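For the sequence shown, our numbering gives the first residue as 1107, with consecutive numbering after it.
Cβ coordinates follow ideal geometry from the N, Cα and C atoms, glycine included.
Bear in mind the structure is a predicted one, so any value in this text is a computation, not a measurement.
A short write-up of the structure that comes next.
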Amino acid sequence: MAHLLRGKQAGIQNDLSAGLQPDVFAIDDLARYGVNSQIACMAYDPVQSLLAVGTKSSQFGPGQIYMFGRDRVQAVLPLPAHGASPKTLQFCAEKLVCLDSKNDVSIYSIELKRLITSFSPPGVVTALCTDPMLDYALVGMQTGDILAFDMDREAVAPFKIPNLWQEVDSRARILSVVSLQFHPRDIGTLLIGYSQGAAIYSFKLNKALRFFHYEVPRGAAGGDGDPTSANIIRRPKLTQAVWHPTGTFIMTGHEDSSIVFWDTMKDGRILTARTLTDTNIATPGVARDSAGSRQTFAVKEPLFKMSWCANQQDPEDTAILIAGGQSTQAPSKGLTLFEMGRTPVYATSAWETLIAYFDSPKRQRILPTPPGTEVVDYCLIPRSTPHFAGAHDPVAVIALLSSGELLTLSFPSGLPISPSNQLHVSLTFVHPFIQSLHTAQIGREKWLGLQERRQQGPKILQGGIELPSLIRRHGDRNIIYSVHADGTVRLWDPGHGDEIENEKVLQVDIARAVGHWDNVAVTATSFAGASAELVVGLRSGEVVVFRWGTNRNAGRDPPPAQPTQPGVLTNVVNRVEASLSEGLMPLTMLDQKDGPVTAVCMSEIGFVAAAFEGGSIALIDLRGPAIILKTSVQDFAKGNKTGSLRRRASSSEPKPEWATKLEFSIMALEGENYSSILLHVGTSLGNLATFKIIPDPSGRYTAQFAGHLTLDSTRIISITPISADSGKAAAASQTVMGNLRSGIKVNGALLVVTPTSISLFRPATSKGAHKSFDNYFCDSAGYIRYQDAGHALLTLSGDGKARAFSLPQLREITTLDLTNINDTGSGLDVRRFPSASITPSGHILAFTGPSEVALLNIFGTGETLHRRQDRLFNPDALIPPRPTISNVQWLTGTQHVTPSDMDILIGGPERPPSKRMIAQSRSEEEQRRQAARVGAGSSAVAARDAGQEEGYWGYMQRQLAERTEKLGLVGDSMENLEQNSKSWVDDVNKFVSKQKRGAATGLIKARFGLKRAHESWGTWDRGRNDIYNALSGFLANYTGGNVVTWDPRGTGWTLPAVCFANDTERTRVTNVPEAQGTDYRFEETWNGNSAIAAACKEALKDFGSLIGSAYTARDMMEIVTASGEDGPLPWLKNGTI
């Protein structure tokens, strides 16, 4: 019968929960925000503009993969093996490849957003390598073998690379593959990193071309600089091997923090060995200065990751990014960037020049990270292409810290990039870690107008399309304002399971507003949606108020800020980011110097209250702004010290007491017939005080004490003012305040919750109704409303249950289990219930782990969490062509291996066309049909149609003809050209079928068949030297002959003759795009050669006529005579324009 009396005790005659029955309560699991566990790896696709993030398996959730696109586009992919964690993620065209901790290689479809197939190799997988132009994933094993998995055929390919390092050291036992990387320009060459060293493998020769073994001799410092090992030979294990963007050099990283640069073109020598700070570490007798003092030995971090980045316009302009390798005693740690500048011309540079280039970068800098952190991994954000191992013209880098947090930096400047409106809101939970979150209701129209204007760089994530949902065009929006470890506060709309109209994130920079960058820990926040005002309290004791406005100093440095004075309001309007034009601007700040801020409350009517751990309370009127009340908890709680026997038995020293909850309301106090603006203060010892805010004749407001009541001996966690007549909230709203002049009277009551009880009473001193919790503690509480059925109090308890109580009876209506939501086995983290938030609409936002929150609706139908149906894959986004070998390399005999060739080399000659080729063929067929419908009957179309019917070898034959025609080296007709190519095609058939060196040797001898060769390439100095360097090696090995070259009439060295300003311009003109139609190809080739001729004519007009073929031929014959050759010149290569 107790619940029947509580309504009378509280002074509430109506049943405010009349329509609420247990059957209206059911949990809908609407959404998840954040990541369920610590981040383990990342990958970025610049073509689709998507980011993949893998999380570790932990007590908070299984390992899984998140894929993020633009705005709120998201997909979650589970791992096939229970308890597995992702180790490596790589995008490969329309697929995502994952290597997990249980050595499974999983292939996911980006378009279908599901697992396609999974491969479990026989052993431990230590490396994974893919290329967007290939259908194969190379898997490096702990045994040193390399397997190939056909992702298109979903089966293991017959191809296998054995442990090549056995050729160097057959006695080595542990020879794990630690890294794999395709040659940036020749996909037929692979760089393999073993634990003992590196090797370059050729697919076309089916053998290792060169080995690289790093050894530190006696007397050399080595990477770690350990003096105890200076007199022994050391062989540090390799951790990573990376190509130079041109393939001319490689870089290897070792476990002693050594960074070694190697030559790959001639003899494979070490160019230099260095660390981040020292050079010549492999040279005996070279002194070095450790990062510590000379008496102490400084331990270095391991080299976590290295990337050799290429400039967009000129791939030979490079930079090296390194994570790790810093001294543990270094004052600041972060990513190290070597800006190398343009690579010296290999053919004309001495070894000393190359060594100096790697020893002395153009610029070296540290991309800073927060103090006390280290970068263990990173993900480069290329501008447009996935080539060069994902390091082609990066614009940003996302760093993974050892704590699991993310940090986004611009590249190469290293400036921090805010994740707000750049990354998905889920990633802001770990950028840096989220500390707490709160919710506030705001009108839909008001929220649509709150879109800040801020200068930002290019969008990082632009991929995907969000699936349209139902739009709630009426009612308020529940806005989250989250607090992060660096003091940043972000406001955004999590939705109600509906379409979010305003997906933008508002960001508030607390550190800049308070004027210091350390000790910026936020302890309390409050946001008033109607007035767009925010108040933030810090552990350092400052209270800062923000208000929506515009920045008068946008785009330029603000004027000097006013010094902060304790106990008074400080104007902080100018303490705003220069990049922010419109948004939440700092307004005023109070530094009370009374301990950390324990509670704040922002009203919609221009008042803000703050409480401090020292017991003081401040009330601020923002109309001035001015402080209208300064009081202390001890002032209104001292009258209650005479107490009970229990208090007499306790210690004579009073317990410290401070305010834990503040709330504004507009209602009539008990015994009054008019409404007033009230401030309610709840304390840590269960006291509740009420202050009345009244207008002053001077036009200002004043505050006076209205009464005090002791409710419990524990802290007050919730204060909700309600109308005793209708049950609606009696908060201090702008509408009600405007009606105060008309004499409106709100018959109100306060609903107060502590961990052990609920109280419902009329302020300021009435006892009212009371209910105690016997078997559990309440951690959080909220006042909810279900349509027009009624209102209730919802509590979250330490036993993992949510309980709804009726009003005013305070009777339990229903209980919901939040640790096992809808019998799915997953639920909320009970330890984070105190930071959970309950909205008036019945939504719960609570943590499921350290960095993930769940959005639940208790007025649902029992729905489980559903998969988002966002579209991730864009079929119209095409992968740019892969960089290939230069024309000079092709002419000197370098055999260009295409991805189609790799299909045969890896998949075997019997492998049928891939699914991608079949789909492309169908698409081309459909395009041809459409062209035929519109009357496209020209000869060019007929030629394309005929070309698409040709076989694979016919395709290769036509490619040779077109390539030779483009270079302008022959004058044969198309019929003669086809005949001249037949022998070459036969040789290629032999080579692909046998894959042996003998075939390659026979091909070269058949092509050259000579003892001597003389050549001149007119004015093409660099090309001539490249040809000379390549041919000299070939002929020496296979024919015993020599190559003779010279500068015709002094051009090249004495008289430089270059047709193009740089290699980029030359490549743009000479690299003709592939096409299917012969007429089209002929026209493009003709235009390309005409452009070359025009460029050379303009560049060489002064002396070009002096180096024609007649002069060159005369010089050549003189060389033949002088060299004692018998008979005619066996092979002549001469080119001029």
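{"Item": "Same chain, Cβ closer than 7 Å to T2170, neighbours up to 5 away in sequence not counted", "Value": "Because the pLDDT at T2170 is just 49, under 50, the model does not fix this residue reliably, and the value given afterwards should be weighed accordingly. Counting only Cβ-Cβ distances below 7 Å, and skipping sequence neighbours, we find Q1419, D1420."}
{"Item": "Span separating the alpha-carbon of Q1568 from that of A1502", "Value": "15 Å"}
{"Item": "G1496 - DSSP class collapsed to helix/strand/coil", "Value": "helix"}
{"Item": "Environment of L1556 [buried if 16+ CB atoms lie within 10 Å]", "Value": "buried"}
{"Item": "Buried or exposed by the 16-neighbour rule on C-beta atoms within 10 Å, applied to H1972", "Value": "exposed"}
{"Item": "Run of the alpha helix (DSSP H) containing Q1287, from where it starts to where it stops", "Value": "Careful: Q1287 lies outside any alpha helix (DSSP H), inside the beta strand (DSSP E) at 1283 to 1288."}
{"Item": "Residue burial classification, A1795 (beta-carbon count within 10 angstroms, cutoff 16)", "Value": "buried"}
{"Item": "Bridge-paired residues (DSSP) for V1348", "Value": "M1357"}
{"Item": "Rounded Cβ spacing between T1704 and F1718 (contact assumed at less than 8 Å)", "Value": "6 Å"}
{"Item": "Exposure label - T1334; buried when at least 16 CB within 10 Å", "Value": "exposed"}
{"Item": "For I1356 and G1440, the rounded distance between their alpha carbons", "Value": "24 Å"}
{"Item": "Coarse secondary structure for N1793, derived from DSSP in three states", "Value": "strand"}
{"Item": "Given D1905 as reference, the closest of Q1432, S1886, K2021 once Cα atoms are compared", "Value": "S1886"}
{"Item": "Three-way DSSP call (helix, strand, coil) for T1475 in this model", "Value": "coil"}
{"Item": "Spatial distance of A1495 from A1591 (CA atoms)", "Value": "34 Å"}
{"Item": "Cα-Cα separation, E1763 to S1632", "Value": "22 Å"}
{"Item": "Terminal residues of the alpha helix (DSSP H) in which T1841 lies", "Value": "1840 to 1844"}
{"Item": "Terminal residues of the beta strand (DSSP E) in which T1223 lies", "Value": "1220 to 1225"}
{"Item": "Rounded straight-line distance, which links the Cα of E1639 to that of I1118", "Value": "33 Å"}
{"Item": "Three-state class that DSSP yields for E1958 in the structure shown", "Value": "strand"}
{"Item": "First through last residue of the alpha helix (DSSP H) which encompasses V1739", "Value": "1739 to 1743"}
{"Item": "Selected residue, minimal CA-CA separation from L1768, among Y1214, N1793, I1487", "Value": "N1793"}
{"Item": "Option nearest P1692 by Cα separation, candidates G1720, R1653, P1664, T1670", "Value": "R1653"}
{"Item": "Cβ separation of V1678 and V1628, assumed to be a contact under 8 Å, to the nearest whole Å", "Value": "So it is not a contact: roughly 16 Å between Cβ atoms."}
{"Item": "Beta-carbon proximity check, V1620 vs V1650, cutoff 8 Å", "Value": "yes"}
{"Item": "Boundaries (first-last residue) of the beta strand (DSSP E) holding F1939", "Value": "No beta strand (DSSP E) holds F1939; DSSP gives it neither H nor E."}
{"Item": "Buried/exposed call for V1531, threshold 16 Cβ in 10 Å", "Value": "buried"}
{"Item": "Same chain, Cβ closer than 6 Å to S2260, five either side skipped, listed in chain order", "Value": "Since the first residue shown for the chain is 1107 and the last is 2243, residue 2260 is missing from the structure and cannot be characterised."}
{"Item": "Local conformation of N1881 per DSSP, three classes", "Value": "coil"}
{"Item": "Close beta carbons around G1246, own chain, < 8 Å, minus the five adjacent residues each side", "Value": "V1231, T1232, A1233, L1234, C1235, I1252, S1282, V1283, V1284, S1285, L1286, I1298"}
{"Item": "Spatial neighbours of N1120 in its chain, beta-carbon cut-off 6 Å, leaving aside the 5 residues before and after", "Value": "none"}
{"Item": "Where I1053 sits in the DSSP three-state scheme", "Value": "Since the displayed the chain opens at 1107 and closes at 2243, residue 1053 lies outside it and no answer follows."}
{"Item": "CB-CB length for P1351 against E1445, believed under 8 Å", "Value": "14 Å between Cβ atoms; not a contact."}
{"Item": "Separation of L1202 from V2094, as counted between CA atoms", "Value": "Any reading at V2094 needs caution, since the residue's pLDDT is 43, under 50, leaving its predicted position unreliable; the model's value is listed next. One C-alpha to the other measures close to 34 Å."}
{"Item": "Among S1466, Q1671, I1376, nearest to T1383 - alpha-carbon criterion", "Value": "S1466"}
{"Item": "Three CB pairs or more closer than 8 Å across the region 1875 to 1883 and the region 1833 to 1842", "Value": "no"}
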